[in-house]
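*Asks:*
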Amino acid sequence: MMSDECIARQMRSIFFPAHQRNAFHRLNVEYLASLQGLQPSALSDLLETGIRGNLQRVGESDAVMPSLRHQVEWMAALIAQQGAWLQQDKERQRKQLLSNSQGNFILYRAGMSVDFAGKKLSEALLVPAHDAPQRVALAVQMLKDGLQVNPLNYRAHFELGWAYLFMLNQLPEATFHLEAAAQQAQAASDPLFARFARRHLADAWYGRQEFSKAADIALSILPEAAPDDLEVRYELSRYLSAAGDIPLAAQHLAQVVGRSAIHYVQAQAEPDFVGQGEIQTVLEDLRSIRVQRIQHYVHANWKQDALATLPLPDQIDSGELFNQVVDQHERVMTHLPYATLSQREKQIGDRILDASRQRIIREVRLRSRHYEQVAEKERQRWSWVNQTGGVLVHLSTILLLASLMFYLLRFALDLLGVGNLLNADTLVGNILGSMLLLGITGVTLLQFVPWGMKKLLLKQLELDNTVSVLKSSS
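If you read the sequence shown in our numbering, its first letter stands for residue 511, the second for the next number, and so on.
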């Protein structure tokens with residue numbers, strides 16, 4: 511794995527070449543992966559470093575990078591696969607050249623010289639900075655020598671053009687050799703490599719500010735590109751924008767960034783798109799489209815949710831509560847990074863649905879607590895009635911006990927023959943009548959319930975039962 515020092519020094523001109531307005535693009539890493547035999551983990555670090563550099567250069571925050579990690583790893587795997595294919599194709603061509611030499615030592619030596627030049631290019635990226643130019647110069651000379659012997663070696667043309675383009679910034683020479691590589695690869699029935707060389711050729715014309723030529727080459731590549739090759743379409747939108755064909759650039763860019771969050775972030779920092787109102791509108795509209803897709807997902811799933819059709823007590827409108835939650839989340843989504851919206855579309859929708867359910871349950875619980883508090887206030891307000899009833903019942907009990915004591919005492923005196931001493935039946939009868947009146951009044955007051963209390967208690971009970979049902983259904 512390459513060190514940060516290498517990235518910062520001799521590799522900086524490759525990651526941020528001058529002809530690309532010092533902006534990072536993936537194209538310059540594809541052949542580098544083959545040249546260095548980089549693994550996906552190392553490529554992920556390089557891609558992330560480049561994208562962070564672009565964002566920081568235009569003053570954008572790189573806080574979105576953690577959410578892009580999955581897509582960066584996916585892109586690194588594609589580049590690693592491309593690098594492996596290039597290595598296999600290089601080995602195939604080497605064997606073919608060896609076979610075609612048919613004992614011709616000069617041809618064989620030229621082929622070996624080209625292979626050795628590739629190793630020198632690779633070493634130039636890893637040695638100390640003061641040794642790198644010497645190795646690059648040696649590699650260039652060896653590639654030239656190899657082409658003098660065998661000018662049909664399109665891999666040699668490509669490596670020489672790549673060195674001129676990314677390492678030496680000699681764009682006319684890069685254009686010449688990359689065009690030769692594309693033409694000869696096509697003639698040699700190697701269309702994949704021909705397309706790969708033409709992509710670099712378009713980049714070389716872009717560096718020479720021949721934007722229309724770059725766009726024409728990219729347009730010719732597009733029908734041959736795989737449907738998931740978004741980088742080709744992204745490069746095309748850059749060239750079209752630089753050439754001034756903004757509507758067509760915006761059209762192709764929309765197809766790319768609508769499917770790839772990492773390209774959306776890259777487009778925000780793309781120098782070719784800065785100041786282009788139509789393209790900026792496309793980027794803003796795509797965010798709106800993502801929000802609308804989440805809204806559609808939420809509303810479609812809410813219609814099928816049990817809480818949407820469950821009748822709620824106390825005239826609680828579940829639909830209104832649901833819309834309140836959706837509106838709150840929509841305001842938040844307008845500030846979320848596009849990468850988060852695109853990669854976590856379903857998770858955000860599910861979270862809004864869950865928040866809606868919780869909001870309804872909370873509202874029912876709050877209504878129940880409200881009625882409980884109102885009932886408690888009413889009970890405290892009329893508690894004196896129940897307290898008076900308790901006092902009356904207490905007095906009635908005392909009078910009853912006094913009457914019983916009187917009759918027991920008279921019964922005892924009757925046994926002794928002096929019962930006429932307690933002959934007060936009228937008085938006791940009055941006491942018993944008072945006791946009965948006080949008892950009935952006290953019991954009645956004890957059972958007193960303030961007006962409307964029963965209705966409040968019934969509502970509270972209904973709401974509490976609804977909370978249990980809602981929890982079980984969610």
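Backbone N, C-alpha and C define an ideal beta-carbon position, used for all residues, glycine too.
Taking just the CA atoms, how far does residue 715 sit from residue 724?
*Replies:* As a working mapping, residue 724 is identified with position 214 in the sequence shown. As a working mapping, residue 715 is identified with position 205 in the sequence shown. When rounded, the distance between both Cα atoms is 5 Å.
*Asks:* When the Cα of residue 779 is compared with those of 669, 574 and 667, which residue comes out closest?
*Replies:* The sequence position of residue 779 within the sequence shown is 269, counting from 1. When each option's Cα is compared against that of residue 779, the closest is 574.
*Asks:* If you draw a straight line from the alpha carbon of residue 525 to that of residue 605, how long is it in whole angstroms?
*Replies:* Locating residue 525 in the sequence shown gives position 15, counting from the first residue. Locating residue 605 in the sequence shown gives position 95, counting from the first residue. Each residue's CA atom was taken as its position, placing residue 525 and residue 605 some 32 Å apart.
*Asks:* Look at residue 948 and residue 903 and say whether their C-beta atoms are less than 9 Å apart.
*Replies:* Here residue 948 is taken as the residue at index 438 of the sequence shown, counted from 1. Here residue 903 is taken as the residue at index 393 of the sequence shown, counted from 1. Yes, these two residues count as a Cβ contact at 9 Å.
*Asks:* When the Cα of residue 721 is compared with those of 771, 745 and 795, which residue comes out closest?
*Replies:* Counting from 1 along the sequence shown, the entry for residue 721 is found at position 211. Residue 745 is the option with its Cα nearest to residue 721.
*Asks:* Between residue 852 and residue 810, what straight-line distance do the alpha-carbon atoms span, to the nearest angstrom?
*Replies:* In the sequence shown, the residue the question calls residue 852 occupies position 342. In the sequence shown, the residue the question calls residue 810 occupies position 300. If I take the Cα positions, the gap works out to 19 Å.
*Asks:* Using the three-state DSSP reduction, which class does residue 766 fall into: helix, strand or coil?
*Replies:* Here residue 766 is taken as the residue at index 256 of the sequence shown, counted from 1. Three-state result, residue 766: helix.
*Asks:* Note down, in chain order, each residue of its chain lying with its Cβ closer than 7 Å to the Cβ of residue 543, except the 5 sequence neighbours on either side.
*Replies:* Within the sequence shown, residue 543 is the residue found at index 33, counting from 1. Residues 553, 589, 590, 592 and 593 of the same chain have their beta carbon placed closer than 7 Å to that of residue 543, with the five preceding and five following residues left out of the count.
*Asks:* Are residue 826 and residue 789 closer than 9 Å when you measure CB to CB?
*Replies:* The residue you call residue 826 lines up with position 316 of the sequence shown. The residue you call residue 789 lines up with position 279 of the sequence shown. For residue 826 and residue 789, no; Cβs fall outside 9 Å.
*Asks:* Express the C-alpha separation of residue 668 and residue 685 in angstroms, rounding to a whole number.
*Replies:* In the sequence shown, the residue the question calls residue 685 occupies position 175. In the sequence shown, the residue the question calls residue 668 occupies position 158. If you take the alpha carbons of residue 685 and residue 668, they lie about 10 Å apart.
*Asks:* Which residues in the same chain have their Cβ closer than 8 Å to the Cβ of residue 648, if we skip the five residues on either side of it in sequence?
*Replies:* Along the sequence shown, one-based indexing puts residue 648 at 138. Close CB contacts of residue 648 within its chain, under the 8 Å cut and outside five residues either way in sequence, are with 627 and 630 (chain order).
*Asks:* Measure the C-alpha to C-alpha separation of residue 599 and residue 769 and round it to an integer number of angstroms.
*Replies:* In the sequence shown, the residue the question calls residue 599 occupies position 89. In the sequence shown, the residue the question calls residue 769 occupies position 259. For residue 599 and residue 769, the distance between alpha carbons rounds to 30 Å.
*Asks:* Look at residue 717 and residue 529 and say whether their C-beta atoms are less than 9 Å apart.
*Replies:* What you label residue 717 is simply residue 207 of the sequence shown in a count that begins at 1. What you label residue 529 is simply residue 19 of the sequence shown in a count that begins at 1. Yes. Within cutoff.
*Asks:* Using the three-state DSSP reduction, which class does residue 738 fall into: helix, strand or coil?
*Replies:* Start at 1 with the first residue of the sequence shown, and residue 738 comes out as number 228. Of the three classes helix, strand and coil, the one that applies to residue 738 here is coil, per DSSP.
*Asks:* What's the gap between the Cα of residue 577 and the Cα of residue 793?
*Replies:* For the purposes of this step, residue 577 is identified with residue 67 of the sequence shown, where counting begins at 1. For the purposes of this step, residue 793 is identified with residue 283 of the sequence shown, where counting begins at 1. When rounded, the distance between both Cα atoms is 18 Å.
*Asks:* By the DSSP assignment, the alpha helix (DSSP H) with residue 772 in it spans what residues?
*Replies:* As a first step, residue 772 must be located in the sequence shown, where it is residue number 262. Start and end: 771–778.
*Asks:* Three-state secondary structure (DSSP) at residue 826?
*Replies:* If you number the sequence shown from 1, residue 826 lands on position 316. Correct three-state label for residue 826: coil.
*Asks:* DSSP three-state call for residue 869: helix, strand or coil?
*Replies:* Translated into positions along the sequence shown, residue 869 becomes position 359. DSSP places residue 869 in helix when its eight states are reduced to three.
*Asks:* In whole angstroms, what separates the C-alpha of residue 711 from that of residue 665?
*Replies:* In the sequence shown, the residue the question calls residue 711 occupies position 201. In the sequence shown, the residue the question calls residue 665 occupies position 155. Straight-line Cα distance between these residues: approximately 14 Å.
*Asks:* Kindly indicate which three-state DSSP category residue 569 falls into: helix, strand or coil?
*Replies:* For the purposes of this step, residue 569 is taken as residue 59 along the sequence shown, with counting starting at 1. Reduced to three states, the DSSP call for residue 569 is coil.
*Asks:* In this structure, does DSSP put residue 625 in helix, strand or coil?
*Replies:* To locate residue 625, count along the sequence shown from 1; it is residue 115. DSSP places residue 625 in helix when its eight states are reduced to three.
*Asks:* Name the two residues that bound the continuous alpha helix (DSSP H) containing residue 700.
*Replies:* The count along the sequence shown starts at 1 and reaches residue 700 at position 190. No alpha helix (DSSP H) holds residue 700; DSSP gives it neither H nor E.
*Asks:* Return the Cβ separation of residue 942 and residue 913 in integer angstroms, given the expectation that the two are a contact with Cβ distance under 8 Å.
*Replies:* Here residue 942 corresponds to residue number 432 of the sequence shown, with the count starting at 1. Here residue 913 corresponds to residue number 403 of the sequence shown, with the count starting at 1. Yes, residue 942 and residue 913 are in contact; Cβ-Cβ is about 5 Å, under 8 Å.
*Asks:* For the segment 857–871 and the segment 829–841, state whether three or more C-beta atom pairs, one from each stretch, are separated by less than 8 Å.
*Replies:* yes
*Asks:* In the DSSP assignment, find the unbroken alpha helix (DSSP H) run with residue 665 in it and report its ends.
*Replies:* Position 155 of the sequence shown, counting from 1, holds the residue named residue 665. Its alpha helix (DSSP H) spans residues 664–672.
*Asks:* Indicate the three-state DSSP secondary structure (helix, strand or coil) for residue 679 in the structure shown.
*Replies:* Stepping through the sequence shown from its first residue, residue 679 is reached at position 169. DSSP, read as helix, strand or coil, puts residue 679 in coil.
*Asks:* Looking at the secondary structure, which residues open and close the alpha helix (DSSP H) in which residue 528 lies?
*Replies:* What you label residue 528 is simply residue 18 of the sequence shown in a count that begins at 1. From DSSP, residue 528 is part of no alpha helix (DSSP H); its letter is neither H nor E.
*Asks:* Compute the Euclidean distance between the alpha carbons of residue 691 and residue 729, then round it to the nearest angstrom.
*Replies:* In the sequence shown, counting from the first residue as 1, residue 691 sits at position 181. In the sequence shown, counting from the first residue as 1, residue 729 sits at position 219. Answer to the nearest angstrom: the Cα atoms are 19 Å apart.
*Asks:* Cα-Cα, which of 856, 619, 763 and 596 is closest to residue 707?
*Replies:* Start at 1 with the first residue of the sequence shown, and residue 707 comes out as number 197. Cα-wise, what sits closest to residue 707 is 596.
*Asks:* How far does the alpha helix (DSSP H) with residue 649 in it reach, from first residue to last?
*Replies:* Residue 649 sits at position 139 when you count from the first residue of the sequence shown. Taken as a continuous stretch (DSSP letters only), the alpha helix (DSSP H) holding residue 649 covers 642–659.
*Asks:* Rounded to the nearest angstrom, what separates residue 703 and residue 727 at their Cα positions?
*Replies:* Position 193 of the sequence shown, counting from 1, holds the residue named residue 703. Position 217 of the sequence shown, counting from 1, holds the residue named residue 727. Pairing residue 703 with residue 727, the inter-Cα distance amounts to about 15 Å.
*Asks:* Quick one: give me the first and last residue of the alpha helix (DSSP H) that residue 540 is part of.
*Replies:* One-based indexing of the sequence shown puts residue 540 at position 30. 537–546 is the extent of the alpha helix (DSSP H) around residue 540.
*Asks:* Can you list, in chain order, the residues of its chain whose CB lies under 7 Å from that of residue 747, leaving out five sequence neighbours each side?
*Replies:* By 1-based counting over the sequence shown, the position of residue 747 is 237. Same-chain partners within the cutoff: 759, 762, 763 and 766.
*Asks:* Between the C-alpha atoms of residue 891 and residue 911, what's the straight-line distance to the nearest angstrom?
*Replies:* Start at 1 with the first residue of the sequence shown, and residue 891 comes out as number 381. Start at 1 with the first residue of the sequence shown, and residue 911 comes out as number 401. Between residue 891 and residue 911, the C-alpha separation is close to 33 Å.
*Asks:* In this structure, how does DSSP classify residue 593 when only helix, strand and coil are distinguished?
*Replies:* Sequence index remark: in the sequence shown, residue 593 carries index 83 (1-based). Here residue 593 sits in helix by DSSP.
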